[in-house]
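Numbering (this note's numbering), first residue to last: 1067 to 1338. Comments concern the structure below.
Laid out in structure tokens, this is it:
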């Protein structure tokens, strides 16, 4: 039978290539499962299980607190500043929307980090973040205030070390910058998703070293994910530490946290 003019038969499927790809996928899946199953190191403590379970009530707690604060009028800032918000691990900047709106209503010029979901520590992402910070600082003609939640706070601290002239202040929200990076309930999930050990992240950093700018650490004894000591840090690792009463997930949107962030930005309260 002669071929139909203009008809080009499809090549046979490459079963070998499919099998190889499937094998690689299984190997990678097994590697990530192994990362998630690593034993918790001895002597490194994470928050109590009761605190972790309390994280489930974050939305109700934030809603109740927000309902109370709606009745309180908020004065505009007397001096506004450019602010960048950096989301926590596995979250999108939209998760910090309430903070962005509240700070914006006070008159501050607020933006997010512009890198979408925060899926782990990465050298390239840190480099792009620094470039964005430097560009915004030039446009604003003054250094930025970086407000980072959890892993976002670690990015903020490292970015401030690389571009101190473009950063005026760093505020971390429940960020585990002090001590062992496994003093929390998130490190196994982080390893499974990011694909590397939390203590061997592909982002060169000495997390405990204080950035050469004003550094404020907000922490909570009710944090059910990150150990309070890791988020509070030692005196030489930050300038100021402020104790909050919220869950770890609540750092992104709790009215009390947002109010404290605003006070720190505007320099109206000095705490140690």
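Every residue gets a Cβ at the ideal spot worked out from N, C-alpha and C, and that includes glycine. For clarity, every value in this text was computed on a predicted model and none was experimentally measured.
Check, Outcome
"For the stretch 1120–1134 against the stretch 1193–1201, are there 3 or more C-beta pairs whose distance is under 8 Å?", "no"
"Should the stretch 1296–1310 be regarded as contacting the stretch 1256–1266, the criterion being three or more beta carbon pairs within less than 8 Å?", "no"
"Looking at the unbroken alpha helix (DSSP H) that takes in residue 1259, where does it start and where does it end?", "1253–1260"
"On the criterion of 16 or more Cβ atoms from any shown chain inside 10 Å, does residue 1321 qualify as buried, or is it exposed?", "buried"
"Tell me residue 1318's beta-bridge partners as DSSP assigns them.", "According to DSSP, which records beta bridges pairwise, residue 1318 is partnered with nothing at all."
"Output the distance between the C-alpha atoms of residue 1204 and residue 1100, rounded to the nearest integer angstrom.", "45 Å"
"Helix, strand or coil, according to DSSP, for residue 1215 in the structure here?", "strand"
"Which value, in whole angstroms, describes the spacing of the CA atoms of residue 1336 and residue 1292?", "With a pLDDT of 41 at residue 1336, under the threshold of 50, the modelled position of this residue cannot be trusted, and the question is left open."
"Just how far apart, CA to CA, sit residue 1327 and residue 1096?", "42 Å"
"Report yes or no: do the stretch 1276–1290 and the stretch 1138–1158 share at least 3 C-beta pairs separated by less than 8 Å?", "no"
"What first and last residue would you give for the alpha helix (DSSP H) that runs through residue 1197?", "1189–1206"
"Do the stretch 1149–1160 and the stretch 1209–1218 touch if we need at least three Cβ pairs shorter than 8 Å?", "yes"
"Just to confirm, are residue 1296 and residue 1209 a CB contact at a threshold of 8 Å?", "no"
"With distance defined between alpha-carbon atoms, name the residue in 1324, 1325, 1253 nearest to residue 1106.", "1253"
"Would DSSP call residue 1288 helix, strand or coil?", "coil"
"Nearest to residue 1333 by CA position, among 1319, 1274, 1235, 1247, is which residue?", "1235"
"So, for residue 1113: in the same chain, excluding its five sequence neighbours on each side, which residues have a beta-carbon less than 8 Å away from its beta-carbon?", "1250, 1251, 1289, 1290, 1291, 1292, 1293, 1294"
"Do you know whose CA, among 1247, 1089, 1238, lies nearest residue 1317's CA?", "1238"
"Within the continuous alpha helix (DSSP H) that includes residue 1294, where are the two ends?", "1294–1298"
"So what does residue 1177 bridge to, in DSSP terms?", "1150"
"If contacts are defined as beta-carbon pairs under 8 Å, then residue 1244 and residue 1274 qualify, I think. What distance do you get, rounded to the angstrom?", "6 Å"
"Quick one: what's got a C-beta closer than 7 Å to residue 1098's C-beta in the same chain, skipping five residues either side?", "1258, 1261"
"Report yes if the C-beta distance between residue 1195 and residue 1179 is below 8 Å; otherwise report no.", "yes"
"How long is the line joining the alpha carbons of residue 1085 and residue 1231, rounded to whole angstroms?", "52 Å"
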